[in-house]
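In short: position in the sequence shown from 1, add 25, done, that's the numbering used here. We treat Cβ as the ideally placed atom computed from N, Cα and C, and that holds for glycine. Fair warning: this is a prediction, and the values are worked out from it, not measured in the lab. Worksheet: the structure to be examined is printed underneath.
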Amino acid sequence: MHDNRNKNAMKRVEKGMMKANSTRNLFAMSAIILTTFMITTVFSLAINYIENMNLMQMRTLGTAADVSLAMPTAEQEQQITSLDYVKTVGVRYMAGSISRKNAEGREFSIVLQYYDTTEWEKHYQKAISGFVGKYPANENEIMLSEDALSQLGIKAPELYMEIPLSYSDRNGRQERIFTLSGWFHSYTDTGMGFVSESYCKNAGCTMVEDGVLSLSLKKMPDDFLRLQRDVKLNENQFWDGAVLMKSSSGSVVAMVIFLVMFIIGSGYLLIYNVLYVSISKDTRFYGLMKTLGTTQTQIKSLVKRQAVKFACIGIPIGILLATTVSFGFVPLFLEKGFHQGKSAMEAVVFFHPSIYILSILFSAFTVWIACNAPAKAAAKTSPIEALKYQNFAPQKTKNRNSKNGGKLYIMAFHNVFRDRKRAILVFMSLFMGITMILGVNGIAGSYKAENYVKQYMDYNFEYADIQVRQYEQLQKEVPQFDEHFIEQIEQIEGIKNVEIQKTVWAGIDFDESDFGDFMKIKYEDSSYKANRQSYEQMLAGLRAYANAGEYGCYITTLMDERILEEYNENHPETTIDLEAFWRGEIVITGWDSDYNSPNAALVGKTLTLTAKSADGKATDFLVGGAFDFMDDTNRLSTTIGHHKMVEIVPDIIYVSEAGMERLTGEALISGIGVDIEDINDLERVDSELQGINRTLTTAEWDFKSTVDTVEQFNQMLYAQKLLGNGVAALLIVIGLINFVNVMVTGVAARKNEFAIMESIGTTKKQLRKILTVEGGIYALISTLLILTFGNAFLMLVADAVPNLADYAVFEYPIGLVIRLIAAIFVICLSVPGIVYKLISNETVIERMRSFDNYTA
């Protein structure tokens with residue numbers, strides 16, 4: 026056979042096929058548009074969600090910098106600036122503070138700072154919004170945050186208005202009339218003021234005493250680890266890291282990858298099915314082309330060029346539709362999840378080139394793999410097979426000797442599987458879409474706010490002093506809460522109880538003989554041993570800490586009797602004398618683990634504690650027990666850190682209220698737990714507490730509300746649930762389109778067959794019944810796949826859920842399963858009859874005269 030090289034003739038053939046197959050073209054382009062639309066929408070939602078999450082976290086942290094170093098030396102500054110993995114270095118000075126009293130009689134402070142151009146433009150300006158005016162340039166200019174303006178009682182600020190201020194700087198108490206150069210909205214809930222460079226110079230600010238370097242690194246956290254190794258710090262210096270959280274973004278990325286793979290699979294099935302049906306219908310045509318000398322390569326090229334034309338039209342339309350939806354829907358989607366104006370999430374739509382690059386690549390890839398198999402099938406068609414071909418009839422027939430063969434449901438069953446590939450495509454499309462939506466809902470349904478609150482909150486409302494939560498707190502703690510604040514809380518109607526946790530740092534008398542076993546166990550899992558320092562070298566370091574008065578830990582009160590009762594149940598061999606504990610005679614140390622239990626070695630020993638307070642005196646306590654990480658303790662105390670990081674010391678020591686009174690009468694209120702009587706009053710009490718909170722002038726505290734926790738939890742899941750359910754719904758639509766496509770083309774192609782059946786006595790009612798049964802078979806087999814393989818998939822999901830979160834509980838979505846199966850049966854049973862009614866308007870004679878079984 027000679028190669029037909031007439032390119033113009035092939036182009037005319039291609040053009041004629043495109044005109045003659047308008048229905049196929051519509052289905053094919055619709056499939057590509059839908060696939061592209063889904064891929065683009067998924068990428069758009071995911072990228073915008075991640076970008077907005079990063080923006081929110083940056084605003085919450087108050088900076089775009091990754092890490093900072095206070096009071097750097099000139100050598101450190103020069104070294105840091107020269108490091109190739111440091112992207113930008115900003116400079117800020119602590120210039121002073123404004124101190125006043127509010128209406129409650131409490132003092133508040135507004136920190137005055139200076140930021141250089143890099144720090145302001147590259148690090149800070151990204152973390153604020155609503156900026157009006159300009160950064161201070163003259164010595165008497167000041168810029169204030171909206172929180173600072175509110176603290177100063179300025180409700181309607183104006184540019185260049187004069188503000189008389191009393192403040193303190195390194196030169197003592199100062200009085201000055203400043204000119205307001207600008208203001209802005211920050212998300213840190215603290216009052217901030219900015220002064221000019223000339224002010225700092227005249228005030229005598231220096232980098233070594235007042236300065237801070239803020240660094241943006243090229244790759245976190247790897248470069249942060251390199252920085253810690255490369256730059257040697259002085260004794261009182263430490264790196265302050267502000268690493269953005271990646272957990273939520275990571276889960277979104279994983280879900281996007283999973284969804285895109287599902288979309289590609291479903292889009293492949295849809296596009297493949299359209300082209301496969303078209304090629305099956307054109308089998309005679311391809312056979313005739315073979316007799317004229319057309320090669321397999323030319324026929325494959327003919328099919329693929331048509332697919333490329335569909336892609337060139339469908340992909341841009343799909344992207345355009347997705348872009349329109351993104352700019353209209355993404356802000357609503359983000360505002361729904363993150364109430365705009367109430368949080369640091371501003372529902373910003375990011376126009377990201379990667380959205381469209383990825384969409385085009387993945388959509389084009391889907392079209393290419395989907396058209397490849399049909400093109401090969403068309404190319405392999407031989408002229409002899411083409412002459413014998415009947416549309417949608419199996420190439421090999423099988424004689425069946427059965428007395429049931431004439432029954433309508435038997436005929437329907439054989440009609441469904443007369444083309445196995447086509448049937449499998451429909452089953453797979455429906456199965457994948459429904460399994461996807463069940464999986465997404467199964468996972469999302471396992472994350473419930475009430476379970477999360479129960480797992481991570483001991484009270485309806487919790488206050489915590491974050492000073493005692495630091496890795497190191499070298500400065501003296503400033504009281505964040507006072508008795509007047511407690512009284513205000515107790516006066517709110519509906520409050521059931523208010524529990525107060527008190528904390529103080531106390532030195533521990535260093536006794537090598539009593540601490541021997543404790544220190545040996547601690548040494549085995551310490552940085553001393555990891556750095557190849559001997560036990561004796563460790564002891565020398567601990568003696569130095571003890572001589573400097575730095576050997577000790579935080580002592581905190583334990584408020585819940587239930588915790589001690591559960592401890593005694595779980596540790597019957599080392600029970601705590603409850604009466605002695607509540608009398609303040611014994612203490613409990615922490616934390617131990619299954620493989621390392623140094624605190625247990627202290628049980629029965631006597632510790633001499635001296636509170637770091639004006640009335641602190643040496644007091645003896647017997648160690649009555651040791652908590653491990655599996656014990657249930659009050660969550661207000663589990664995050665307590667260190668005053669000075671001394672590794673070989675108890676992490677924390679618990680005492681009763683009576684025990685704390687023996688130590689000191691000046692303990693810090695480090696935590697407040699508030700419970701209410703009626704859960705229906707939750708939002709009202711939350712609102713009143715928020716009002717009381719605004720009277721606090723300090724900033725080193727944290728407030729956790731059940732209302733906010735539930736809202737934040739729902740916000741966290743909102744994007745993933747909506748994204749997953751939206752795409753899963755589209756996947757079901759793809760499956761249904763595949764089914765409708767198969768039924769429309771199949772019924773239309775069998776017009777001649779139905780006409781022959783009618784001519785021998787089959788009624789239209791019987792034919793509609795056959796088609797309805799065929800639809801029922803599609804629905805039934807899809808349902809069986811869902812109830813078997815789909816449930817097997819859900820079992821895997823159920824096994825994985827507890828590993829995803831300790832509060833997650835999988836619940837089988839039985840209601841959703843029933844609704845989806847019912848919807849599939851309704852659609853599958855109704856569509857075939859509707860299609861047959863549309864094509865059976867002609868008489869039997871007219872249909873039998875038609876040579877072509879398919880009309881475009």
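For Pro189, the uninterrupted beta strand (DSSP E) run begins and ends at 187-194, by DSSP. In the DSSP assignment, Phe263 forms no beta bridge with any residue. In the pairwise beta carbon analysis, the segment 382-393 is classified as not touching the segment 73-86: fewer than three pairs are separated by under 8 Å. In the structure shown, Tyr212 falls within a coil segment according to DSSP collapsed to helix, strand and coil. Scanning the segment 525-550 from its first residue to its last, the whole alpha helix (DSSP H) runs of 4-plus residues come out as 541-549. Nearest in C-alpha terms to Phe652, of all of Ala639, Lys642, Glu590, is Glu590. By the Cβ rule, the segment 446-463 does not count as touching the segment 619-635, because fewer than three pairs are nearer than 8 Å. Bounds of the beta strand (DSSP E) holding Cys578 are 577-582. Between Phe835 and Val826, the CB-CB gap stays under 7 Å. DSSP lists Glu166, Glu187 as the bridge partner or partners of Thr204.
For Asn440, the closest alpha carbon among the candidates Tyr620, Val772, Thr48 is that of Val772. In the DSSP assignment, Phe835 falls outside any beta strand (DSSP E), carrying neither H nor E.
Taking a C-beta distance under 7 Å as the contact criterion, Gln558 and Gly696 do not qualify as a contact pair. Phe486 sits close to Val699, with the two beta carbons spaced by under 7 Å. According to the DSSP assignment, Trp726 belongs to the beta strand (DSSP E) that extends over 726-730. Taken in chain order, the whole beta strand (DSSP E) runs of length 3 or more contained in the segment 553-622 are 577-582, 611-617.
A residue is called buried once 16 or more other Cβ atoms fall within 10 Å of its Cβ, and Arg494 is buried on that count.
By the neighbour-count criterion, in which a residue is buried when 16 or more other Cβ atoms sit within 10 angstroms of its Cβ, His148 is buried. Note that the C-beta distance between Gly574 and Asp640 is not below 7 Å.
Secondary structure note for Val478: it is in no beta strand (DSSP E), and the uninterrupted alpha helix (DSSP H) holding it is 474-481. In the DSSP assignment, Ser93 falls within the unbroken beta strand (DSSP E) covering 92-95. Secondary structure of Val220 (DSSP, three-state): coil. Judged by their CB atoms, Ala724 and Thr215 are nearer to each other than the 7 Å cut-off. Residue range 707-718 is occupied by the alpha helix (DSSP H) that includes Leu707. Ranked by Cα distance from Phe540, the first of Pro504, Gly577, Val529 is Gly577. Taking a contact to require three or more Cβ pairs closer than 8 Å, the segment 670-680 and the segment 552-570 qualify as touching. Distance from the CA of Ile852 to the CA of Ile58, rounded to the nearest whole angstrom, comes to 23 Å. The secondary-structure analysis by DSSP pairs Tyr679 across a beta bridge with Thr581, Ile613.
Tyr553 and Thr644 have their C-alpha atoms spaced approximately 30 Å apart. In the three-state reduction of the DSSP assignment, Val671 falls in the coil class, being assigned neither a helical nor a strand state. Shown here for Met186: same chain residues with a beta carbon closer than 6 Å to its own, the five before and five after excluded, namely Leu205 in chain order. If you look at Tyr484, you'll find it isn't in any beta strand (DSSP E); DSSP assigns it neither H nor E. Excluding residues up to 5 positions away in sequence, Ile459 lie with their Cβ nearer than 6 Å to the Cβ of Leu845 in the same chain.
Taking Tyr477 as reference, the option from Met81, Asp831, Ala34, Met563 with the minimal CA-CA separation is Asp831. Selection Ile468, Lys794, Asp307 evaluated against Arg49 yields Asp307 as nearest (Cα-Cα). Burial is judged here by how many other beta carbons sit within 10 angstroms of a residue's own beta carbon; Asp255 has fewer than 16 and is exposed.
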